[in-house]
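Chemist: One structure follows; several queries about it will come next.
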Amino acid sequence: MAIIIRKDQEKIYFSNSGIVTEKDKKIADKLDEELKKGIKKLATEFLEKKMITKTGRKENALMVWFQLGKFLLNLAKKYKMFGTNEEVYYWEAVYDHLPKEIQRAPRPKRFKELTKNAYRKAALMAQYPWSVIYKVGKWAVWNDILDNPKLLNDKRILDWVISKIIKRRAGHKEIRNFLYAVSRRLHKIDTSVLSSNELKSKLAEVDSFLYF
0 MAIIIRKDQE
10 KIYFSNSGIV
20 TEKDKKIADK
30 LDEELKKGIK
40 KLATEFLEKK
50 MITKTGRKEN
60 ALMVWFQLGK
70 FLLNLAKKYK
80 MFGTNEEVYY
90 WEAVYDHLPK
100 EIQRAPRPKR
110 FKELTKNAYR
120 KAALMAQYPW
130 SVIYKVGKWA
140 VWNDILDNPK
150 LLNDKRILDW
160 VISKIIKRRA
170 GHKEIRNFLY
180 AVSRRLHKID
190 TSVLSSNELK
200 SKLAEVDSFL
210 YF
């Protein structure tokens, strides 16, 4: 498997193995074209619907991130990117196709970090239905949630946190305190070995001592 990354306008085929076959190149070319056309189509639709401006301001940020995330999620699934050694290149490649109307700021320093890439976060958010997403809150809230490694390592924790946020309808500051408390309680605990009941018991401790 290979992913196309552009360096100084030069198209380079990246593979974690260091070996790129002709078959790999054909698949990478196809993926690259789908990224290009899909993002361009979304950008056009966002402008037509006035969800973004030509200067790159997002008038309906949450919906923009959701629709971008949904497209990138489906494409990642189609090419079976999640969990592969090449996944990090996929999310890096997204930036090669973003127009200024969507990404007006320079690429952030941490965009190459898998867990910090904003467009990967959008894809993870888009795994949830819109009826859940908008109840959780603005994109800034989702960004904080998905910036938390402990939540991403175990979807059961992420689902629990989301359900609590929706139920309590707290403000952004309270949500940040809540996320910190969850991380602190589960610090150095490998939750993958816990049963659902054991995990619920530990999360209930957060619920009992933190007013949220």
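Going by numbering that gives the first Met the number 0, the residue at position 89 of the sequence shown is 88; the numbering climbs one at a time, nothing skipped. Positions of the beta carbon are idealized from the N, C-alpha and C atoms, including for glycine.
1) Could you tell me whether the Cβ atoms of residue 121 and residue 64 are closer together than 7 Å?
2) Could you have a look at residue 70 and say whether DSSP puts it in helix, strand or coil?
3) For residue 13, is the classification buried or exposed, using 16 other Cβ atoms within 10 angstroms of its Cβ as the cut-off for buried?
4) By DSSP, does residue 168 sit in helix, in strand, or in coil?
5) For the beta strand (DSSP E) that residue 5 lies in, which residues bound it at each end?
6) In terms of residues, what are the limits of the alpha helix (DSSP H) holding residue 45?
7) So, with DSSP's three-state summary, where would you put residue 101?
8) Given this structure, state the Cα-to-Cα distance separating residue 143 from residue 116, to the nearest angstrom.
9) Determine the contact status of residue 96 and residue 35, defining contact as a CB-CB distance below 7 Å.
10) Buried or exposed for residue 106, going by 16 or more other Cβ atoms inside 10 Å?
11) Could you tell me which of 75, 47, 164 and 166 sits nearest to residue 100, measuring between CA atoms?
Modeler: Reading off the structure:
1) yes
2) helix
3) buried
4) coil
5) 2-6
6) 21-47
7) coil
8) 12 Å
9) yes
10) exposed
11) 47
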